[in-house]
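The sequence shown begins at 1341 in our numbering and counts up by one. Where a beta carbon is used, it is the ideal one built from N, C-alpha and C, also for glycine. Quantities reported herein were computed from a predicted structural model and do not represent experimental measurements. One structure is given below, encoded as structure tokens.
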Amino acid sequence: MQQSAFYENDTTLAQYLEFHFGERWHGEANFPKALADAAMDAMGGRPLQRALDIGCACGRTSFELARYFQHVDGIDFSNAFVDKCKEVAREKRVRYARPEEGELVTYQEQTLAFLGLEEAASRVAFHQGDACDLKPEFTGYDLVLAGNLIDRLYQPSLFLTTIHERINELGLLVIASPYTWLEEYTPKEHWVGGFKKNGEDFSTFDGLTEMLAPHFRLLFEPWSLPFVIRETRNKFQHSFSELSVWEKVSQ
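Structure, rendered in structure tokens:
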């Protein structure tokens, strides 16, 4: 099973709420919003009926996509994240205790209205689910966005080799990941890349290309989006997520 305990505790939830709805840190843009913006730029003139934000965490990207799409499904493996997403959508605000130092916290509050997302929230539905084993009803999407997801799946090939079944013809799959493979989440035999294959370096992008090639074509050269996760007042994770955009090809 997916190692989800880390994503069910209150401290992690608070860190991710800050990541989604809090301040900008170290000059970097809000990553969940930047991810949605990048996906929308890639959509061009494609239909904007239905989108899936898989691995939605605390929901900011789902809300941002709902500015444009008629319906957005946000799915996450973590019950704590999904419960919070539903609460934010219902109450139109987010409240959390932000870790500062040791047991010290500061209480934060943000409204969807301030972010320009209050009206969009009515077009989002949040669900607990497994990206490697999605329920049949999650299909017919013009966009599937997987943000910082694939390197936290227990068997990412199950997602990557079947997701085409849920995307409309010429729809897009947008994948963003820092490719931080860890055996506590993904057994090494299921890593998409980051190892030697036939004596040569085999990157995650190589693996993505191999798995997606039967049903997708790469639209743009991949590029990196920076992100900062604030753990405490004095500790931050500053990372880069490689973003690639894939168009479902006609069969």
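### Message
Going residue by residue through the stretch 1401 to 1441, where are the continuous beta strand (DSSP E) segments of at least 3 residues, counting only ones entirely within it?
### Response
1411 to 1416, 1433 to 1441, all fully within the stretch 1401 to 1441.
### Task
Please go through the same chain and pick out, in chain order, the residues whose beta-carbon is closer than 6 Å to the beta-carbon of residue 1570, but skip the five residues on each side of it.
Counting only Cβ-Cβ distances below 6 Å, and skipping sequence neighbours, we find 1358, 1365, 1576.
### Task
Look up residue 1554 in the DSSP assignment and give the residues it is bridged to.
Residue pairing by DSSP places residue 1554 in no beta bridge whatsoever.
### Query
Can residue 1411 and residue 1390 be called in contact, C-beta distance under 8 Å?
In this structure, the beta-carbon distance from residue 1411 to residue 1390 falls below 8 Å.
### Query
Counting along the chain, where does the beta strand (DSSP E) carrying residue 1450 start and finish?
First-last of the beta strand (DSSP E) with residue 1450: 1444 to 1451.
### Task
Please name the residue or residues paired with residue 1560 in a DSSP beta bridge.
Beta-bridge pairing by DSSP links residue 1560 to no other residue.
### Cβ shell of residue 1505 (< 8 Å), same chain only, five flanking positions each side left out
Excluding positions up to five away in sequence, the list reads 1479.
### Task
Measure the alpha-carbon distance for residue 1560 versus residue 1584 and round it to whole angstroms.
Roughly 7 Å between the two C-alpha positions.
### Message
So, for residue 1456: in the same chain, excluding its five sequence neighbours on each side, which residues have a beta-carbon less than 7 Å away from its beta-carbon?
### Response
Excluding sequence neighbours, residue 1456 sits near nothing in its chain.
#### Entry: Three-way DSSP call (helix, strand, coil) for residue 1494 in this model
If DSSP states are grouped into helix, strand and coil, residue 1494 belongs with coil.
### Query
Which of helix, strand or coil does DSSP assign to residue 1544?
Here residue 1544 sits in helix by DSSP.
#### Entry: Residue interval of the beta strand (DSSP E) (run including residue 1536)
Its beta strand (DSSP E) spans residues 1535 to 1537.
### For residue 1578, the three-state DSSP class (helix, strand or coil)
Residue state, collapsed to three classes: strand.
### Query
Are the CB atoms of residue 1484 and residue 1429 nearer to each other than 8 Å?
In this structure, residue 1429 does not lie closer than 8 Å to residue 1484 by Cβ.
### Query
How many angstroms separate the CA atom of residue 1427 from the CA atom of residue 1434?
Residue 1427 and residue 1434 have their C-alpha atoms spaced approximately 8 Å apart.
### Task
Alpha carbon to alpha carbon, how far is residue 1356 from residue 1397? Give it in angstroms, no decimals.
In this model, residue 1397 and residue 1356 are separated by some 7 Å (Cα to Cα).
### Task
Pull up the CB-CB distance for residue 1320 and residue 1516, whole angstroms please, since I reckon it's below 8 Å.
Residue numbering for the chain in the displayed model covers 1341 to 1591; residue 1320 lies beyond these limits and cannot be assessed.
### Message
Quick check on this structure: which residue in 1494, 1417, 1501, 1545 has the alpha carbon closest to the alpha carbon of residue 1467?
### Response
For the residues 1494, 1417, 1501, 1545, the minimum Cα distance to residue 1467 belongs to 1417.
### Task
Find out if the Cβ-Cβ distance for the pair residue 1578, residue 1568 is shorter than 8 Å.
One thing to note: residue 1578 has its Cβ within 8 Å of the Cβ of residue 1568.
#### Entry: Residue span of the beta strand (DSSP E) that contains residue 1468, given as start and end
It spans 1464 to 1468 - the beta strand (DSSP E) in which residue 1468 sits, taken as one unbroken run.
#### Entry: Burial state of residue 1538 (16 or more Cβ within 10 Å)
Exposed is the label assigned to residue 1538, since fewer than 16 other Cβ atoms lie within 10 Å of its Cβ.
#### Entry: Own chain, CB closer than 7 Å to residue 1437, minus 5 neighbours either side, in chain order
Setting aside the 5 residues that flank it on each side, residue 1437 is surrounded in the same chain by 1354, 1445, 1447, each with a C-beta closer than 7 Å to its C-beta; the list follows chain order.
### Task
Give the straight-line distance between the Cα atoms of residue 1403 and residue 1553, rounded to the nearest whole angstrom.
Between residue 1403 and residue 1553, the C-alpha separation is close to 30 Å.
### Query
With distances taken between CB atoms, is the gap from residue 1580 to residue 1565 smaller than 8 Å?
Going by C-beta atoms, residue 1580 is nearer than 8 Å to residue 1565.
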